[in-house]
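Read the structure below first, then the notes.
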Amino acid sequence: LAGPHALLQAGFVPLRATEPFPFTAVPFWLTPLSATLLHGGLLHIAFNLLMLIYCGRQVEQALGPGRTLLVYIVGAYGAALGQYLVDPMSPAPMIGSSGAVSALVAAYAMLFARGDVRAVGPLSGQVVRALWLAAAWIGLQWLVSAATGGAASPIATAAHVGGFLVGLALVRPLLAWRYRNA
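My numbering puts the first residue of the sequence shown at 189, with every later residue one more than the last.
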């Protein structure tokens, strides 16, 4: 939970990438991380914590704590990149850990999916699974955005997608890295 001043000081503001801003407490390059510490209300933080605890602890069992933290951190930057790509001139601060948590949700989905997925042409079953998960997540985010007001919505759906795509991309290499000498 944070006030309007903190949101501008420590939230990720896409416009800060190209336009000078008055003094801010957090350097621009750190705002994807500091934004994960700010939330817009109790429901926002509660849902992020619920998903972090449920998915994060399972991912941590598979990847280990350091690699799980790496997914979270890179997911925060992927979320900021996703939000930036959608609206680079936005002066609105992006806050919350939803994008970083989305990276953990993607890792969880890749690690613990139960059904076998067949290869399609040159694409392995794992790539096909990742593509289906990405399509489903993007579709879900699009529906949430449409249901909550579209472009006028305060929900950073592009950040959720960016974080999710990072989680999909990182989970298998990090799992292989953990067990490379096993």
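No residue lacks a Cβ here, since even glycine has one placed at the ideal position from N, Cα and C.
From which residue to which residue does the alpha helix (DSSP H) around residue i run?
| i | result |
| --- | --- |
| P253 | P253 to V274 |
| T219 | T219 to S222 |
| H227 | Counting along the chain, H227 falls outside any alpha helix (DSSP H), and DSSP gives it neither H nor E. |
| G327 | G313 to A335 |
| A357 | T345 to R366 |
Closest by CA to residue i, which one among the options?
| i | options | result |
| --- | --- | --- |
| M298 | A322, A268, N236 and P253 | A322 |
| A301 | V289, A291 and Q314 | Q314 |
| Y367 | V308, A250 and P192 | A250 |
| F216 | V274, P202 and V259 | P202 |
| L231 | E248, S285 and L269 | S285 |
| R255 | L225, P276 and A291 | A291 |
| R150 | I283, R360, V259 and M277 | One cannot answer for residue 150 here, as it falls past the ends of the chain, which runs 189 to 370. |
| P342 | V293, H227, W325 and H193 | H227 |
| E248 | L273, Y296 and F209 | Y296 |
| L319 | F200, V305, L273 and M277 | V305 |
| G327 | V349, L311 and L257 | V349 |
Report, in whole angstroms, the separation of the C-beta atoms of residue i and residue j, which I expect to be a contact under 8 Å.
| i | j | result |
| --- | --- | --- |
| A267 | G351 | 4 Å |
| A223 | Q197 | Rounded, the Cβ-Cβ distance is 11 Å, inconsistent with contact. |
| Q271 | A346 | 5 Å |
| A234 | G263 | Actually they do not touch by this definition, with Cβ atoms about 19 Å apart. |
Could you tell me which residues DSSP puts in a beta bridge with residue i?
| i | result |
| --- | --- |
| F200 | M282 |
| V308 | L311 |
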